[in-house]
Amino acid sequence: MKAEDQITPSRENCVYTSCYCEENVWKLCEFVKTERTASLEQLFVVFISNDNRMIPLWKQKSGHGDLPVVWDYHVILLQVGLQSDSMVYDLDTELPFPCSLRLYGAQAFRSDRQLKPEYHRKLRVIPADSFLLSFASDRSHMKNPDGTWKMPPPSYPPIQTEECQMNLDDFISMNPAVGWGTVFSLNQFLQKYIGNPASSSSSSASR
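Numbering follows our numbering, with no gaps: position 126 of the sequence shown is 126.
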C-alpha cells in the first residue's frame, strides 16, 4: 500500500494508549469518519478472544523473540473491499502498519492446529459505523480493587453513548447471541476475508 493510500495517520501519529486497544481502534475509526479517508463500509472492528479469554498472538511489540503474547482479548481494524488484499491496522504489532491480512494471518495468528483447544481464537467482526455508535467504556476493567490504574488511561474522556457508559464485555464476548457483529472461528474468518486459510496456516506451520 502506497503512503498516499493509507487511511490513517502514520503509526507514530496515531492516538495510542498502551493496553487500551479497543479505544485505539475506536480513534482510528473516528479519524476515518472525520477525515473521510475511506468509506466506513470498508472498515470492520475485530475483537479477538475466546470463552477462556486466553488468546495467543505473535509479532506483538510486548512479546519476546518468537514467543506469543497471551492476551485476554485484542482488537484490530480490518479494511476490506479493496482491489488488493484486506488490510489490518494493529498499533501493537511489530508487523507493518497497515499489514496485509494474508501476512498478519501467517505471522500473527498462525494456526489453531498446534494450539490446545482452550487457546483457539474466535473473532467478533463489527462494522465500523456500528462500533462508533454503540461502543462505550468507563475503563473500570483497568482499575485495581483499590481504585488505582493497572495501566495509565488515555488523556481524553471515556467513550460513552447516550444510553450506555460500559458495554465492553458485550464486544469481548464470543457468544453469538450477545452484542454486535458476527462471531467467527479463526478458520472461518480467514476463509471469508482471505479466501484460502490453508495457505496462511501452512506457511506458519514450520516456523
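Note that the Cβ used here is the ideal one computed from N, Cα and C, for glycine as well.
Note that this is a predicted model, so its numbers are computed, not measured.
Quiz prompt | Opening and closing residue of the alpha helix (DSSP H) in which residue 33 lies | solution = Here residue 33 is taken as the residue at index 33 of the sequence shown, counted from 1. First-last of the alpha helix (DSSP H) with residue 33: 21-35.
Self-check item: Under the three-state DSSP convention, the category residue 189 falls into
Solution: Position 189 of the sequence shown, counted from the start, is the residue given in the question as residue 189. Residue state, collapsed to three classes: helix.
Self-check item: Candidates 35, 22 and 162, of which the one nearest residue 172 by Cα
Solution: Along the sequence shown, one-based indexing puts residue 172 at 172. Cα-wise, what sits closest to residue 172 is 22.
Self-check item: Per-residue DSSP class, three states only, for residue 117
Solution: Position 117 of the sequence shown holds residue 117. For residue 117, the three-state secondary structure derived from DSSP is helix.
Quiz item: In its own chain, which residues sit with a C-beta less than 6 Å from the C-beta of residue 75, not counting the 5 before and 5 after it?
Solution: For this step, residue 75 is matched to residue 75 along the sequence shown. The residues are 21, 22, 25 and 47.
Quiz item: If we ignore side chains and look at the alpha-carbon of each, how far apart do residue 37 and residue 64 end up?
Solution: For the purposes of this step, residue 37 is identified with residue 37 of the sequence shown, where counting begins at 1. For the purposes of this step, residue 64 is identified with residue 64 of the sequence shown, where counting begins at 1. Cα to Cα, residue 37 sits roughly 35 Å from residue 64.
Self-check item: CA-to-CA distance, residue 18 to residue 104, given in whole angstroms
Solution: Your numbering for residue 104 matches position 104 in the sequence shown. Your numbering for residue 18 matches position 18 in the sequence shown. The straight-line gap from Cα to Cα measures roughly 20 Å.
Quiz item: How far does the alpha helix (DSSP H) with residue 168 in it reach, from first residue to last?
Solution: Here residue 168 is taken as the residue at index 168 of the sequence shown, counted from 1. Segment 168-172, the alpha helix (DSSP H) holding residue 168.
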